[in-house]
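Please read the structure below before turning to the comments.
Protein chains in written order, with my numbering: chain L, 1 to 292; chain R, 1001 to 1279.
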């Protein structure tokens, strides 16, 4: 589902002494089925931006289009319900939002709220719990008897059960151990591919942005500061550092090595394997020179 | 080295749980060291933190801090004054309406006289490089700044040990860096002992010592070099290898004849450079 933001501006507490411009004239197109990463330091406007995507916040100026739905500053009748069905948000620490007696009921709550029959919602709950890698036994348990990592998966299942077409992830792996992080990110990436979702990931991890995203948007002071493919964005190290960010650790290392070895090297993907290959080549080329 | 904390045969079980969260745990924390504790979610790291300053009491075994036992009620405040904890969420531990008030809160609880209190607040706020913000309100501060205020609140009480309980996990990369650098300075210049509970293996790689927790037990203890040699164990414990170890392995696979394992990026660059100049 294509998403287009046109001149999107958001002011908190407008017309009061506390007025604050949180988003400033954002223009952004997100192609249906693409994976977008949004990066930026705390307070750069990332969260305000994603809260518009399912209508939790209304633009102060400008418009947002999600498929054929439009959210605007003036619109009287905003298509909120339909918007929220299409756009699912996994917030930070989503397990804090679990509330029901059993895992099954908790996951069913969302779809039933959107008019799905009880029977269908139950079927979806069972399917989603399996999808997020939890055993069927947890369905009858209280979500509060589960471990933190399991609770996070239940909360994610609850969002997926609404069968959104756009999935917004706000630092979905914060606080998880490295293994849990990898599993959750791989799950989202698999869903993204299998279901053709449009995925928007807010992250502090340059590595995840480089690894999963087709495009990256860098936010700074409520504006789009940089935008492009991972290679394009991570070419601008100085600009990123001015925005309190940096390039992925693979590229940091390569730049360090480049400085030391005085060779111009380029990295087109940011995996460890590719980094190793490029560095190994710089040894190889040197060897060739000797041979000549 | 002087032993500050002794954990001896400690087990702990939460009420209504059928499994122990910690099982027969023994470890020591030495004066002036930076100890990293790593492990999967639910491995018992945070339970250990709460036991170390007596927020929880062991179901078996004993914990003492500079000779004071957490199990003795009349010694508990001596323990708490020595062990300060910085928690994960910066917004949940800011209690004052300004930086100054927030740091004062802890001192008031310990009944420090007013003149001394003013002195100690200014001093500790300076040591975390937040003097410019001493009258700032919390909502004007970034996550990293709030965590530094939390640290100021702790050092104002002159503790011997600071525990970072995933204190940087909710921060952006810059906030993470400023908090770690602040604590590093306190550790190096003032000899404050640091226990860092973390999932950040790059940070753990720079510690003096690492303990790997797994299902309530300490599975491995040693220098980062010793601990990170056991790749299998780290993966089993839900962790990963630090970046430079992974890159080192990938380089060897590409035929770069590296001899050792390199824990930090600096070491790896140096080793590569040596190889390169010899070639």
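Ideal Cβ positions, reconstructed from N, Cα and C, are used throughout, including at glycine.
So residue i contacts chain L; which residues on that side make the cut at Cβ distance below 7 Å?
i	result
residue 1243(R)	249
residue 1250(R)	272, 273 and 276
residue 1246(R)	272
residue 1173(R)	204, 245 and 246
residue 1143(R)	42
To which residues does DSSP link residue i through a beta bridge?
i	result
residue 226(L)	218(L)
residue 12(L)	20(L)
residue 1084(R)	1162(R)
residue 1039(R)	1213(R)
residue 1008(R)	1062(R)
residue 1154(R)	Paired residue(s): none; residue 1154(R) is not in a bridge.
residue 1068(R)	1065(R)
residue 1270(R)	DSSP, once it has assigned bridges, lists no residue as partnering residue 1270(R).
In its own chain, which residues sit with a C-beta less than 7 Å from the C-beta of residue i, not counting the 5 before and 5 after it?
i	result
residue 4(L)	29 and 65
residue 1089(R)	1170
residue 1136(R)	1098 and 1099
residue 275(L)	250, 253, 254 and 267
residue 9(L)	23, 24, 25, 59, 60, 61 and 62
residue 225(L)	218, 219 and 243
residue 1202(R)	1242 and 1243
Please state if the CB of residue j and the CB of residue i are separated by a distance shorter than 7 Å.
i	j	result
residue 1196(R)	residue 1164(R)	yes
residue 178(L)	residue 1240(R)	yes
residue 1102(R)	residue 1149(R)	yes
residue 180(L)	residue 1016(R)	no
residue 54(L)	residue 83(L)	yes
residue 215(L)	residue 49(L)	no
residue 1213(R)	residue 1043(R)	yes
residue 163(L)	residue 1(L)	no
residue 197(L)	residue 169(L)	no
residue 1052(R)	residue 1095(R)	no
residue 1128(R)	residue 1152(R)	yes
residue 140(L)	residue 173(L)	no
residue 1032(R)	residue 1198(R)	no
residue 1172(R)	residue 41(L)	yes
Leaving out the 5 sequence neighbours to the left and right, which residues in its chain are closer than 8 Å to residue i when beta-carbon positions are compared?
i	result
residue 18(L)	12
residue 213(L)	35, 36, 37, 201 and 230
According to DSSP, simplified to helix, strand and coil, what is residue i?
i	result
residue 1219(R)	strand
residue 136(L)	helix
residue 1238(R)	coil
residue 1055(R)	coil
residue 91(L)	coil
residue 1013(R)	coil
residue 160(L)	helix
residue 37(L)	strand
residue 282(L)	helix
residue 1193(R)	strand
residue 1170(R)	coil
residue 1026(R)	strand
residue 64(L)	strand
residue 149(L)	helix
residue 72(L)	strand
residue 1134(R)	coil
residue 126(L)	helix
residue 1097(R)	coil
residue 272(L)	helix
Can you pull the chain R residues whose beta carbon is under 8 Å from the beta carbon of residue i, in chain order?
i	result
residue 147(L)	1041 and 1042
residue 180(L)	1040, 1041 and 1238
residue 256(L)	1265 and 1269
I want to verify the contact list: residues of chain R whose CB lies under 9 Å from the CB of residue i, in sequence order.
i	result
residue 193(L)	Near residue 193(L) there are no residues of chain R at all, since even the closest Cβ is about 23 Å away, more than 9 Å.
residue 122(L)	Those within 9 Å of residue 122(L) in chain R number zero; the least Cβ separation is about 28 Å.
Taking C-beta pairs closer than 7 Å, name the residues in chain R that residue i reaches, listed in chain order.
i	result
residue 17(L)	Simply none; closest approach about 14 Å.
residue 41(L)	1172 and 1174
residue 223(L)	Result: empty, since nearest Cβ-Cβ is about 17 Å, beyond 7 Å.
residue 20(L)	Within 7 Å Cβ-Cβ: nothing; residue 20(L) doesn't reach chain R, min ~10 Å.
residue 253(L)	1247 and 1265
residue 153(L)	Those do not exist, as residue 153(L) stays about 12 Å from chain R at its closest Cβ, beyond 7 Å.
residue 260(L)	1269 and 1273
Take residue i and list the residues in its own chain whose beta-carbon comes closer than 6 Å to its own, dropping the five residues that flank it on each side.
i	result
residue 248(L)	206, 207, 210 and 270
residue 201(L)	37 and 169
residue 153(L)	132 and 134
residue 1056(R)	1050
residue 1217(R)	1023
Using the beta-carbon of each residue, which ones in chain L are nearer than 9 Å to residue i?
i	result
residue 1166(R)	175
residue 1196(R)	Result: empty, since nearest Cβ-Cβ is about 15 Å, beyond 9 Å.
What does residue i touch in chain L if you count any residue whose Cβ is under 8 Å from its own?
i	result
residue 1256(R)	276, 279, 280 and 283
Would you verify that the beta carbon of residue i is, or is not, closer than 7 Å to some beta carbon of chain B?
i	result
residue 97(L)	The structure shown has no chain B; the protein chains it does contain are L and R.
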